Amino acid sequence: MSGLVDQIRSGLADSLKKALSSAGEKGTLPEVETPAFVVEVPREKENGDFASNLAMLLAKPARTAPRRAAEALVAELDLSGLPVEKVEIAGPGFINFYLSSNWVLAALPGIVKKGEAYGRVNIGGGKKVQVEFVSANPTGLLHMGNARGAALGDSISSLLDYAGFEVSREFYINDAGNQIEHFGRSLEARYLQLLGRQAQVPEEGYHGEDIMETMRGFVEKYGDRYLDTASPARREIMVKYALAEKLGAIKKSLGEFGVNYDVWFSEQSLHDSGKVTEAIERLKESGYLYEYEDALWFKAREFGVEKDEVVVRSNGIPTYFAADIAYHMNKFQRGFQWVINIWGADHHGHVPRMKGAVKALGYDPDALQVIIMQLVRLYKSGEIVRMSKRTGQFVTLEELMEEVGRDAARYFFVMRSADSHLDFDLDLAKAQSNDNPVYYVQYAHARICSIMKQLEEQGGTMPDPEKAGLSLLREEAELALARRLADLPDEVASCARDLAPHRLARYVHEIAGLFHSFYNAHRVITGDAALTGARLVLVAATRVVLANCLNILGVSAPERM
RNA sequence: GUCCCAGUAGCUCAGCUGGAUAGAGCAACGGACUUCUAAUCCGUAGGUCGGGGGUUCGAAUCCCUCCUGGGACGCCA
């Protein structure tokens with residue numbers, strides 16, 4: 001981290017550490033190891049700008065009352081070089097630090113100067129991380145669950161990028177296996193029906209209208225050319241045609257949603273390239289596979305999973321799990337040091353055995369992190385809408401963007417933590433779209449742009465932030481806003497560490513709120529040139545923070561609304 | 001039955017590795033536009049943090065137990 005706030009925090013922590021050891025040398029405290037204490041920002045500002053719990057943690061090892069330990073520490077504190085005005089011992093033994101009221105203004109010039117780069121931190125150290133998300137079956141359109149995964153995965157990726165990781169976004173295309181078989185049979189049935197023949201979409205097949213639509217296009221292009229072609233070959237042709245079309249549509253939708261992938265990875269390619277065989281061989285050699293009733297099983301129980309898992313069926317066809325093992329082997333072979341998967345809650349049972357397989361292959365299971373995203377429940381007219389690809393009833397990403405807009409949809413999905421169930425009331429999102437918090441944040445950005453435009457029209461110019469008289473910013477609303485602007489690097493670091501973009505959404509909402517309050521209480525452009533200059537720096541910094549956060553969340557930052 | 005997620009204001013949800021007096025949005029009520037955008041602001045009201053036990057200086061947060069809702073437990077993916 002590199003922000004002003006972090007500099008001060010670590011400065012205080014260092015001072016406390018030194019105070020502890022000199023107190024130990026002088027004998028005012030027993031010599032003990034430094035506990036894992038924190039310097040944090042108290043919730044109540046009456047408790048100072050920063051506070052530490054060190055004294056309370058010393059109570060037990062040093063066998064002293066927390067407040068006495070605090071007194072001994074404070075007596076040894078050397079705070080030179082830090083803008084601390086007052087230190088107090090409070091409550092059960094907190095050491096509270098009060099800073100000079102305008103200490104935070106020092107952060108503003110850097111924010112304006114860094115611009116798009118402000119908020120970038122280097123906790124990742126260029127570590128290669130892959131984020132795999134959505135990975136929807138390419139047999140249909142994207143639904144609400146996929147949309148949530150897309151918004152979440154993309155924001156997490158951006159967050160990690162900002163935090164100094166080398167991020168690769170990946171989409172795993174499930175273009176192999178049983179479902180493709182069902183898909184082919186469904187396509188074939190529709191084809192025959194369209195040409196007036198008797199045919200039935202199989203029970204387990206795809207009944208959606210979009211499949212019919214696809215085959216209409218196929219018939220237009222090829223007519224009855226395949227009417228008499230032998231079935232397996234015919235299905236292969238149709239599957240190839242339909243997959244290309246479906247995948248193209250998925251790519252297009254995601255692109256419009258602001259989600260762009262680095263890699264589209266085909267499951268079928270794992271079979272074709274022999275990766276699946278390679279993975280199975282590796283597991284076999286290390287003794288994690290056994291044969292039972294003609295099938296090949298993975299010893300999942302050795303990894304704390306309840307049941308062993310089939311990797312090759314008795315009919316000789318590998319399972320999806322086998323392909324997934326090969327896929328993860330391949331991910332690590334490609335050099336990713338951190339592999340993040342975003343899965344729907346309905347796949348959570350798959351996590352322990354996947355981690356087990358990673359371990360069995362000889363990789364660190366902790367390098368694989370699976371984010372389980374709770375499912376989206378869709379409400380329309382007060383009723384739950386069942387979503388299912390098989391029956392073809394679902395609201396697509398396309399429809400969602402049409403109804404509530406891309407920005408609102410993305411913000412909405414990313415506002416909530418991944419492990420909270422999401423009730424999406426379409427009517428509400430549509431009818432009250434103006435109340436959507438995303439507009440609140442965007443409006444703040446637009447307002448600042450409007451001020452800048454006004455400035456330009458009046459022939460004014462932006463001052464050099466380094467030279468502006470920032471100490472003129474004395475109003476509570478100004479200082480409160482500046483204080484939070486200085487937090488962005490910290491927020492990015494902590495949100496990235498916890499893979500929690502929803503906290504960034506709350507942060508930027510708070511920034512917008514602080515700005516709106518300031519805006520309503522004070523004018524930026526006034527007859528006082530010096531004050532105007534200082535406030536221009538403040539709002540310019542605010543615009544940077546708003547834009548950077550919105551960018552991470554995949555939401556646009558409009559100049560006017 | 002076993003496992004995962006959730007239970008916090010009327011509603012939807014935050015609460016980051018345990019910190020001081022539990023927060024925000026919406027809804028409700030009362031105010032503020034001759035001004036750089038009122039998609040805004042200011043104020044009021046709203047809580048046995050699902051129940052009960054435990055751990056400790058300190059618990060919405062950790063442990064145990066029970067209740068409620070959702071999901072997963074296939075030679076499907």
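In the numbering used here, the protein residues as written are 1 to 561. From the three backbone atoms N, C-alpha and C, an ideal C-beta is built for every residue, glycine too. Since we're looking at a predicted model, the values are computed, not measured.
Secondary structure note for S494: its alpha helix (DSSP H) is the uninterrupted segment 488 to 497. Here the alpha carbons of L470 and Y261 stand approximately 43 Å from one another. Short of 8 Å from the beta carbon of R560, and not among the five residues preceding or following it, lie these beta carbons of its own chain, in chain order: A446, C449, S450. Excluding residues up to 5 positions away in sequence, A326, N330 lie with their Cβ nearer than 6 Å to the Cβ of K275 in the same chain. Its chain contains L20, A23, L58, A62, T64, A69, A72, L73 as the residues whose beta carbon lies nearer than 8 Å to that of L29, once the 5 sequence neighbours on both sides are disregarded; these appear in chain order. With a cutoff of 8 Å on beta-carbon distance, T532 and V544 are scored as not near each other.
Just so you know, the alpha carbons of P463 and F265 end up roughly 50 Å apart. Excluding residues up to 5 positions away in sequence, Q374 lie with their Cβ nearer than 7 Å to the Cβ of S420 in the same chain.
DSSP places G344 in the uninterrupted beta strand (DSSP E) bounded by 338 to 344. G149 and L160 have their C-alpha atoms spaced approximately 16 Å apart. Taking one beta carbon from each stretch, the region 224 to 234 and the region 118 to 125 have fewer than 3 pairs nearer than 8 Å; the two do not touch. Counting along the chain, the unbroken beta strand (DSSP E) around K128 starts and ends at 128 to 132.
Beta-bridge analysis with DSSP links W103 to no other residue.
Pairing F515 with L536 gives a Cβ-Cβ distance that is not under 8 Å. Taking C-alpha positions only, M354 is separated from V312 by approximately 16 Å.
In this structure, F424 and A151 do not form a Cβ contact; the two beta carbons are roughly 12 Å apart against a cut-off of 8 Å. Closest in alpha carbon position to A547, among A444, F321, G258, is A444.
Around the CB of E40, fewer than 16 other CB atoms lie within 10 Å, so the residue is classed as exposed.
Counting only unbroken stretches of 3 or more residues, the beta strand (DSSP E) elements lying wholly within the region 406 to 485 are 422 to 425, in sequence order. Annotated three-state conformation of E236 is helix, per DSSP. Boundaries of the beta strand (DSSP E) around F50: 50 to 52. Here P35 is not bridged, per DSSP, to any residue. Note on the region 190 to 278: whole beta strand (DSSP E) runs with a minimum of 3 residues are 263 to 266, in chain order. Under DSSP, the beta-bridge partners assigned to Q369 are I340. Classified as buried, N53 has 16 or more neighbouring CB atoms from the shown chains inside 10 Å of its CB. Residue pairing of F97 in beta bridges, as defined by DSSP: F50, V87. The C-beta of E478 has 16 or more other C-beta atoms within 10 Å across all chains shown, which makes the residue buried. Contact check between the region 483 to 500 and the region 1 to 11: three or more CB pairs, one atom from each, fall below 8 Å, which counts as touching. Residue pairing of Y172 in beta bridges, as defined by DSSP: F265. For K86, same chain residues with a beta-carbon under 7 Å away, outside a window of 5 residues either side, are Y98 in chain order. Taking a C-beta distance under 8 Å as the contact criterion, G126 and E166 qualify as a contact pair.
Under the three-state reduction of DSSP output, K380 falls in the strand class. About 6 Å separates the CB atoms of I211 and R190; that is less than 8 Å, so the two are in contact. Short of 7 Å from the beta carbon of L553, and not among the five residues preceding or following it, lie these beta carbons of its own chain, in chain order: S155, R410, Y411, V414, P501, L504, A505. Collapsing the DSSP output to three states places F515 in a helix.
With contacts defined by Cβ atoms closer than 8 Å, L485 and A107 form a contacting pair.
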